[in-house]
Every structure is written in structure tokens, then in C-alpha cells.
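Here's the structure, in C-alpha cells; my notes come after.
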Amino acid sequence: MPLDPYTVREDFPILKRVINGKSLVYFNNAATTQKPIQVVEAIKDYYYNYNSDVLRSVNTLSSQATDLYMKARRKIAGFIGAGEDEVIFTRNTTEGLNMVAEALSGRIRIGSVVVTSIMEHHSNLLPWRRIVARKGGRLTIVGMNRDFTIDMDMVEKSLEEGCEILTTLHISNVLGTVNPVRELSKLAHKHGCLFILDAAQSVPHMPFNVKEVDPDATAFSGHKMLGPTGIGVLYVKRNILEEVEPFLLGGGMVKTVTLETQVYEDIPFRFEAGTPNIEGVIGLAAAVDYLHKIGLENIAEHESKLVKHLLEGLDRSIVEIYGPGEADKYAGLLSFNVKGVHPHDVAQFLDADGIMIRSGALCAEPLVNALGASAVARVSFYLYNTLEEVDRFNESLKKIRLLV
Amino acid sequence: MPLDPYTVREDFPILKRVINGKSLVYFNNAATTQKPIQVVEAIKDYYYNYNSDVLRSVNTLSSQATDLYMKARRKIAGFIGAGEDEVIFTRNTTEGLNMVAEALSGRIRIGSVVVTSIMEHHSNLLPWRRIVARKGGRLTIVGMNRDFTIDMDMVEKSLEEGCEILTTLHISNVLGTVNPVRELSKLAHKHGCLFILDAAQSVPHMPFNVKEVDPDATAFSGHKMLGPTGIGVLYVKRNILEEVEPFLLGGGMVKTVTLETQVYEDIPFRFEAGTPNIEGVIGLAAAVDYLHKIGLENIAEHESKLVKHLLEGLDRSIVEIYGPGEADKYAGLLSFNVKGVHPHDVAQFLDADGIMIRSGALCAEPLVNALGASAVARVSFYLYNTLEEVDRFNESLKKIRLLV
Amino acid sequence: MGWRIKVEPRDLRDLLKRFKNPANYGVIENADIVLEETDYSCGDKLRMFFKLEGKRIMDVKFTSEACLFCNASASLLADLVKGKTVEEALNVKEEDLLRLFNTDSKSPRYRCIVLPLRVLKKAFQGL
Amino acid sequence: MGWRIKVEPRDLRDLLKRFKNPANYGVIENADIVLEETDYSCGDKLRMFFKLEGKRIMDVKFTSEACLFCNASASLLADLVKGKTVEEALNVKEEDLLRLFNTDSKSPRYRCIVLPLRVLKKAFQGL
Ligand SMILES: Cc1ncc(COP(=O)(O)O)c(C=O)c1O
Ligand SMILES: Cc1ncc(COP(=O)(O)O)c(C=O)c1O
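Chains as they are written, first to last, in my numbering: chain P, 200 to 603; chain G, 200 to 603; chain U, 9 to 135; chain R, 9 to 135.
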């Protein structure tokens, strides 16, 4: 059953807002998404009925909170097909990627190679650059094919020359293109190399299963999939988790501590020091329920329709579109520039019509520069966006001729 | 005006809960506190009216969210008398302490000394132990005076022998005793040593100003002061922040990134990589408003009254009380053991009467062991607890003779 | 057997009577396997001793700094597996122990009750 | 002067007319101070050039990869401080610039508008 965005919208009170005299059009979903009533109510219910510490105290309230927390944890792990003990809660994708980079730094020696791509978000470039710099390794940055996905020939060549870690994003937050992650993981593993995946833009928008994609680690953020800010997920394969050092030390991640030494807790708790973001986990589980109910296939299909409609309406005489240009090559987001107008001004112009987009280097400066720009404007969709909203966008953008 | 806990209780829906047939008595506030309607509604208002990315996008919604976020940030910094740029948002105290330890690791060389105490929470012991082990430094663990506060003579002696960093907690989460932090900071600074303070149990319960206490860095958790989980604060003096390396790298903490290098953002944003916990910051600011309205002096005074009442009611023939034993020496928490009964069983026994306490090693195993125990039972108060609740506790505990 | 937990001090008292000095508490001097674990709820320390003959469990004892529930559970588990094979012992489930206490995994004492089984499974891992 | 922002495309158009080729855009070859900054909203790059004589600001120019608001603001700021002393220039406040655009720190363009002033203050720091 295809998704009906009008029904969905009833669950998102913010979409009723009027901004600058126009009803809000929220096209900045790749940055962060709106939250349905179901998520907010789950958090509220937790606070008003079960709030307690978890995994520590012997009392009924704490057991009930722990039970909710562990159920939520299982649900979130299940959402990506992971084992419960392979999922670590983080603040966001950025923290997750920093954690893997630090955790795997033991594999990097003088001369070791980490391969990544020109497409990366800063969060998947800077942590690796730091690690290789510290360890005397080398970062190889592969380019793109003509279709604006990662250059597989270059990847293969780099892997053949020897490499410890291959890391890349799944869906580009600038281009909207989808990298061939199954081939990447197969290729990496064939060459005895680990495959780390930045799934910030894919897990929220399409069916995703770690058993199929087979990354050794992958990270994503709750706030980009209807969940709260402050909660993210890092999946790491069990055998790797067993061998790496914890990132943060403190309460909750140790079995026992003496004045001289300590014994770490089992995985995954060993990697979650201090009081966790309990409400974040509970909110994210409610978001997962919501996404499940709608169906990830349906969301992907809906976003495709929106992109197609958007592309049909854009006036190519004044708009430069980045990426492959054909609707079926994009996930639910697209970047562009209006010739001669800075994207911040484009965003401002659309804002006057109540349409929220993102502009700038999108935390992917090397990629934006490789596209020959210093900044771009980006439209990014989610399940509550409608074809009518796309029409409003296209109408509004036509008026920008005034500025050109 | 003294605090009226009965008026306060109206703001905490969870306190109306019935557990095991009895109305809930929540005496586990040192672990985490309950949340008032005002905090939950602030989060809800944010989600339903302003939710957006912050500090990045050019559009009205994002500006409004950014404005709320920055105001909340100023409020939280102001709460401890800090400059807006000296406050870094973390997940919790644990992350904050790990961050300072890592950030200051550059000051630790072979033979360098870090001084800490036997009283520490695991979160302020393990990170320093790791740093000194990595750098070839040494950790000196000072003991306690007879009044169960840090042994100042030992501290002074250690400082005189030369030390880079002195770090300790403000209020012990096991003993409830208050360390003389002003003297500690003066002493440390006199010897050219940094003073790092774990304020997890003090900031929520008493007036606290970094200008007066003068720590070089201090950490605390939102969830222990009526705020959400997943948000903590790390204060670090500006001059130190300017010189240390960021902990996590990624989006939002850089000004510009090329294929070769990057320029970091100004402080404090340099230390906050990725999408922040926006709702956490907003919820915590609402908590700060709430605490301000009640008054921290009033809260401290109220908790004193409760401790005094508790001590008067405890039957010392079966109960062993830890710490100094005199009411005015305790902040709002107290640990004990019932002779011959494991504290988990005491907690269970009280739970049957609807009373929630914490039992175990309280994430401070070295201290609990130094007290001659492997686990203790702890009662910890907050502004919504009443003398009647303390009576119920004392009554319930009397019945434990059945088990002895 | 059967203690409903979460309810009455009386239940705790009954439990106490039976397990104040629990059966199988103590040390096996020439044990084949000794394993100690601490629970992450920060408190229970449990050390278990196993005497094997081939794959058969001849004796089990434990020492602890633990609560009533953990001690009771260890004591009952020892009775349960003595004389069994390692394989049979590995088939004991958390639910089997929880049932003895008339409770389930939502109990506040869940972790205390299952700790002995976790120690046993770890001890026999890979045997 | 005065552009109300956040409202009408018309306002943007007026702004564009005046600042399509903004005054003071360009390079000072023998500048005494050159400073480049990028804004953390990930976009605006601004480079400012200052020619001094003692403590007096003789000339100011800028180049940029920036939006209309940043360019307009840089252009206006340059006019404002030319001929002034460094001390006087350091007294210019964010509000002074925001007022020229009829807006305040809550504007979505706040960061674009104040970027030139931040560059100036950093350039003159410690002079
Ligand atoms: C003194 C002290 N330090 C640190 C912590 C750790 O706090 P969190 O779990 O919020 O990181 C606590 C709370 O358990 C504490 O009481
Ligand atoms: C591809 C990609 N990676 C990483 C991130 C960072 O996400 P977060 O800010 O939640 O850490 C984002 C989102 O901005 C992204 O789009």
C-alpha cells in the first residue's frame, strides 16, 4: 500500500506551522527530521511513569525502566538486522565514526592505508585523517565515476595495493547518489580489509540490513529518522567489538574496579560509559516502530516520486543540478545552484515563501569543491512531504529570475 | 522562603505512581532525578514548534531553533557563573571527565603525577588511570580524613612533591560528605597544578559558581538535576580550551576543510562535533529555570532537614551508617548497611513498601571497599521528598529485624 | 519450592530461613574449574568451583559476597547440575532458575538470580 | 539605507541591485593586514585587506565567495571604518551592522551579516 503523506502529516504537529505568512514546507530532512506525536508521547510516558536509572538498581521502578530500555535496544538492533550486543548507543553518527576510527587505530601502522572517498561528510573524513596522521599511515581518497558514485576501479586498485580499512558513505548527503555497498563490502573482505559504512542518509530512508550489506561497522543518527537528537547508533561486528579497547571509561562499563585495575563489562555495555541517553533510546525505538508501520520500501518509493516531480519542474536554464540528473539515480535529496545567485540567497528567497532548505557546503566541502562550487542549495525529502509542496517549491524558484 | 515539597510534587506526575500497592517514594536521586512537567513541556514545545538543525541553515525555522538553543546554552552557562564559550555539551559527567583527561593528556609525561582520591566515582578514576598508564605518568590516590573528606595533608604533600593535575569529586555519591573545593583549588593553583572537579553531586543540590570555586574544569550531568538524560556539561577555562585538541572531529566543528587539512571552529563549537542534543539542551535550560525559581539554597536546606530526620529515625543497633554520622556533615544523601543483610536484599525489602533506593558498590568500588564493605544501601534526596516519606522509610526499615 | 518476589517481606523471610546458610556454599580445594564474576548492577560477587570427571560434573560449590537471591540461586543451581554432564548443564535456561523464584526477567532481582548460570556457562564454554 | 529581511523577494532584489558589484570589492596589493575567515554555517568565505598608517585605517577592500548579505555587509563596513582609527573601528558593534539591514541577531542571515565585523576584529586584535 503506497504511503499517503496526508495521513502521515497528521502525526506531525509542526507541519501546521505558518512561517512568513505561508504554511511550512520542510525540505531539510537530510539535516534533521521532524518528530511524530508517537515519539514525543513515548518520551513523555517514560518520564511520567518509569523514569529511573537503568541496569543498576534493585527496585521495581528501575526494573521497569530497564525493561523498557532493553526492549527498545532490541528493537533498534533488530531494525538493521543486528544482534543486540552489536549495537552501541552514541550521540550521533559523528561520534560513532570517531569511535570506530579510534577503536581500529590499533590496526594502523606506519605505511598502513585507509581508503575513503571524495564524497564523504566531514564526519567520515576528519577522524580517519587524524588516525593515519598519528600512526604514520596514509589516507587514499578515491574519486567518483561519471554517475557520481564512488569510483570502483580506483577502490579495487587501492585494495589490491594493500589497505587496512575501506570507509565510505552509503548515500551522499550532497548528491543523493547511492553507493554500491554490497560490492564494496565484498571487495573489501576479498582483500582482507575492513569495510566501515556511514549510513546516516540510508538507514532512515530505505530497507537496510547489516547481514546483507555486511559492513564491519556502520553508524547512523536517530534525529535523521524521526527520533530525538542526542542518540545515534554504532553497529560493530561482534568479533571486532570483542577485541577493541573501550572509548570512554567510567561507571556502568566495568564489572569490578580496584585501586590497581579493573575488569571491563561484557559487550556492548563495555562501550557505554556513564548514564545512557535513556529517553533517547526510548524515543528512537518509537521512531523505529513508526517507520516500520509505514514501511521503508514505501518511504523510498514515495521519495523517488517527489524527486522525479522536482526534476521535472526545475528550469534548467537558470538552475544547475548536481549529480547524475536522472530521477532514478537519486535517493530522496538533490543539490543545485541558481546561476549567479549564492545558495544562501536562494535559501532566503525560498524562506520568504515558507520553504525551508539547507544551503552551504553541507559539511562536505571537498565534494562541493570538486563539483566546482563553494556552496550549494539542497532539497531533501521525507515521508510527510507532498507533490503539492514540490509544486510550491518549483513555483517559488521560478520567481528567482527576478534576482538573476 | 523555605521550599514546600508538597507544592513542588504537583509538578512531578510520576510521584503519584503506586508501586507494590504503596505510593512511590523515590529516594534514588543521586542516580537520576525525576522530571517536572516544565521540562517535558519545554521539550514538547520545541519538537512541535521549532525542531530544526541549529547553527547551520539559512531559514526561519533554523534561526528560531538556533535562537532557542543559544539562549538555553547561555542560561546553563550562567547557572554556574561560566562564560558562554567555556561550556561544552557532553552526554554526561562521565564523558566530560574522559574529555578533560584526554584533552590534558598532553601535559602528562614520563614521571608526571596526577593526584586523585579514594573517594572517586569510577568515572573520575579510570580515565586518569588510563592517561597516566599511556604516558608513563603516575597516579597518586590520597585517602580521607576522619571526617570522611579528602585528606588535605596528603594532598598538600603530593602537591609539594610536584604534580600536574589534582582531580577529585565535590560531594561523594557514597558518603554524602562535601570536599573543601575552594581550598583544594587554591592549593592546586599555588603549586602550579590544574584542579579538575567532578561536580555531579554538587551542582544539582547547592549554589555553585565556577568563579568562586575556581576549578580549571568541572563536569556534571543534566539528568541528576531535573533535566533529560543524554545531556551533560563540561566547563573548561577559556585559556585551556584555546590550547587543547578537539576530542571528536566532524561536521559543525570546522570552519573549512580541504582534501589536505582543516581549520577548526572557535571555542566552544570546536568541541561539539556533529548534530548536538538540541532537545537535551533545551530541556536542561528548563530544569535550570525550575531550580532557579525554587532556589538552590532552599534545596540544600530542605535536604539537610531530611537527612537530619533520617538519622534520628535510624536504629543504630541494626544499621551501620557510613560517613561522619552527624547530620550537618552530610549533603542530601547517606549510605548504610543493615547488619547481616545484603544491601540488595534491603533494597528489595524497601521496594516491597514502595520505597526506591540504590544498593551496590555505587560505581565507587575502591571507596566502598575502603569502608570495609563490598556493597552498601544508599538513600538520596531531592526537592520533592518529604519528612513523611522519611518516616515511611524509617518505619519500613524497622521491620527488617524480621530478616536479621 | 517457589518464592513470589516483589511482594511481601514475609517471602524474603522464608527465603532467608532456607538460605541463610545455603547448601553447597564453600570451596572445592582441587577444583577443575574456578571462575569468579561480578554483576554489573555493581554488587554481587560470585565464585564457583567445579569438579569434573570427564564430561560429568561431580561436585559444585560457591562462595560469594552476594545477596540472598544470588546465594539461593547458586545453591539451587549446584543441586540441579550435580551428577549431570556438562552438556546437560549447558541446557539449563535462565527461565528454569527464574521459575524457582516464581518470577521472570522483569524482576528487580533478575540479574542476581541468573548470575550463577552465567558463571556456569562461562566456565563450561568451549568444553 | 535599510532592508527588512525575512519578508519579500522584492527586498532581496533591491539589495541585489545595490550590491551586485559591491563597492570596496577587490584586492589591496600592499595591504598591511590580510585575513580570511569562513563561517561555520558552512558557506561564506570572506577575505579582508587593510591598509594602515599608524593607527589610522587608510583603505579596506574584500574578496569573497559569499552571499549577498555578507557582501553587502562587508562593503558597508569598509565604508564605515575607512579613515577611522583602529580603536574607533573596534567600537563598531554587531548591532550597528544589523541595523543597516533592519534586522537583529535572530535573523537567519545574522551570521552572514556579522562575518565581516568578526574578520575586522580578529585582524585588529592586539594592535
Ligand atoms: C560523583 C559522581 N561522578 C560521576 C557520576 C557519573 O555520572 P553519569 O552517569 O551521569 O556520567 C556520578 C553519578 O553516578 C557521580 O555521582
Ligand atoms: C552522510 C552523513 N554523514 C554524517 C552525518 C553526521 O550526522 P550527525 O550530525 O548526526 O553526527 C551526516 C548528517 O549531517 C550525513 O549526512
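Think of the CB as a built atom: it goes at the ideal place given N, C-alpha and C, for glycine as much as any other residue.
Bridge-paired residues (DSSP) for residue i
i	result
Met343 (chain P)	P:Ile349
Arg216 (chain P)	Answer is none; Arg216 (chain P) lacks a bridge partner.
Phe419 (chain G)	G:Val432
Gln461 (chain P)	P:Val456
Ser222 (chain G)	G:Val217
Asn227 (chain G)	G:Ser579
Val42 (chain U)	U:Phe57
Leu368 (chain P)	P:Asp397
Ile197 (chain G)	Residue 197 (chain G) is absent from the structure shown; chain G starts at 200 and stops at 603.
Thr206 (chain G)	Its beta-bridge partners do not exist; DSSP assigns none.
Ser211 (chain P)	The sequence given here has Phe at residue 211 (chain P), not Ser. DSSP lists no partner for Phe211 (chain P).
Ile65 (chain R)	R:Leu60
Whole-angstrom distance between residue j and residue i, CA atom to CA atom
i	j	result
Ser311 (chain P)	Leu303 (chain P)	12 angstroms
Leu23 (chain R)	Arg107 (chain R)	15 angstroms
Glu355 (chain P)	Asn438 (chain P)	25 angstroms
Glu390 (chain P)	Leu358 (chain P)	For clarity, residue 390 (chain P) is His in the given sequence; the question names Glu instead. Looking at the two C-alpha atoms, the distance is approximately 6 angstroms.
Ala82 (chain U)	Ala131 (chain U)	14 angstroms
Leu601 (chain P)	Ser595 (chain P)	11 angstroms
Ala569 (chain P)	Val456 (chain G)	12 angstroms
Asp397 (chain P)	Phe470 (chain P)	19 angstroms
Ile242 (chain P)	Glu478 (chain P)	6 angstroms
Leu582 (chain P)	Ser371 (chain P)	19 angstroms
Pro475 (chain G)	Leu495 (chain P)	26 angstroms
Phe394 (chain P)	Glu442 (chain G)	34 angstroms
Ile121 (chain U)	Ala97 (chain U)	16 angstroms
Ile349 (chain G)	Ala281 (chain G)	26 angstroms
Leu533 (chain P)	Asp590 (chain P)	15 angstroms
Gly10 (chain R)	Val217 (chain P)	Caution applies to Gly10 (chain R), whose pLDDT of 39 falls short of 50 and renders its modelled position unreliable; the value that the coordinates give is listed next. Taking the straight line joining both Cα atoms gives about 26 angstroms.
Cys50 (chain R)	Leu561 (chain P)	For Cys50 (chain R), the predicted structure reports a pLDDT of 49, less than 50, and the residue's modelled location is therefore unreliable. A value from the coordinates is still provided. Cα to Cα, the separation comes out at about 6 angstroms.
Ala486 (chain G)	Pro235 (chain G)	8 angstroms
Leu425 (chain G)	Arg26 (chain U)	43 angstroms
Val453 (chain P)	Arg55 (chain U)	17 angstroms
Gln461 (chain G)	Glu319 (chain P)	14 angstroms
Leu214 (chain G)	Ala572 (chain G)	32 angstroms
Neighbouring residues, chain R, relative to residue i (Cβ below 8 angstroms)
i	result
Val286 (chain G)	Simply none; closest approach about 17 angstroms.
Thr455 (chain G)	Thr46, Lys53
Neighbouring residues, chain G, relative to residue i (Cβ below 7 angstroms)
i	result
Glu115 (chain R)	Rather than Glu, the amino acid found at residue 115 (chain R) in this sequence is Ser. Correct list: Ser262.
Lys234 (chain P)	Tyr246, Asn250
Arg381 (chain P)	Result: empty, since nearest Cβ-Cβ is about 26 angstroms, beyond 7 angstroms.
Ile477 (chain P)	Thr428
Contact list for residue i against chain U, beta-carbon separation under 7 angstroms
i	result
Asp266 (chain P)	Lys114
Residues that residue i contacts on chain P, provided the C-beta gap is smaller than 7 angstroms
i	result
Leu76 (chain R)	His541, Asp544
Closer than 8 angstroms at the beta carbon, the chain U residues around residue i
i	result
Ser304 (chain G)	Under the 8 angstroms cutoff, chain U gives no residues; its nearest Cβ is about 27 angstroms from Ser304 (chain G).
Contacts of residue i in chain P (Cβ-Cβ under 8 angstroms)
i	result
Asp550 (chain G)	Val257, Asn258, Thr259
Listed by chain order, chain P residues near residue i by CB distance under 9 angstroms
i	result
Ile556 (chain G)	Ser256, Val257, Asn258
Asp488 (chain G)	Within chain P, no residue comes near Asp488 (chain G); the closest Cβ sits about 17 angstroms away, beyond 9 angstroms.
Closer than 8 angstroms to chain A by CB, residue i
i	result
Gln547 (chain P)	Looking at the structure shown, chain A is missing, and the protein chains on hand are P, G, U and R.
Where are the alpha helix (DSSP H) runs, 4 residues long or more, that stay fully inside the stretch 310-336 of chain G, in chain order? Entirely contained in the stretch 310-336 of chain G, the alpha helix (DSSP H) runs reaching 4 residues are, in chain order, 325-334.
Note down, in chain order, all residues in the stretch 417-440 of chain P with a beta-carbon under 7 angstroms from any beta-carbon belonging to chain G. Hits within the stretch, in order: Ser420, His422, Pro427, Thr428, Gly429, Ile430.
Could you list the residues in the stretch 86-103 of chain R with a C-beta less than 9 angstroms from some C-beta on chain P, going in chain order? Taking 9 angstroms as the upper bound on Cβ-Cβ separation, chain P lies near no residue of the stretch 86-103 of chain R.
In chain order, which alpha helix (DSSP H) runs of at least 4 residues are fully inside the stretch 537-583 of chain P? Correct list: 542-550, 564-569.
The stretch 289-322 of chain G: which residues have C-beta closer than 8 angstroms to a C-beta of chain P, in chain order? When C-beta distances to chain P are compared with 8 angstroms, the residues of the stretch 289-322 of chain G below that value are Arg290, Asn291, Thr292, Thr293, Glu294, Leu296, Asn297, Ile317, His320, His321, Ser322, in chain order.
Note down, one range per segment and in chain order, each beta strand (DSSP E) of at least 3 residues found wholly within the stretch 458-538 of chain G. Qualifying beta strand (DSSP E) stretches, in chain order: 461-463, 518-520, 532-537.
Restricting to runs no shorter than 4 residues, where is the alpha helix (DSSP H) found entirely within the stretch 101-134 of chain R? The stretch 101-134 of chain R contains, as complete alpha helix (DSSP H) runs of 4+ residues, the segments 102-108, 118-132 (chain order).
Contact set between the stretch 573-586 of chain P and chain R, restricted to residues whose Cβ is under 7 angstroms from the partner: Result list: Ser573, Ala574.
For the stretch 325-357 of chain G, enumerate the residues whose C-beta is nearer than 7 angstroms to any C-beta of chain P, in chain order. Answer set for the stretch 325-357 of chain G: Leu325, Pro326, Arg329, Ile340.
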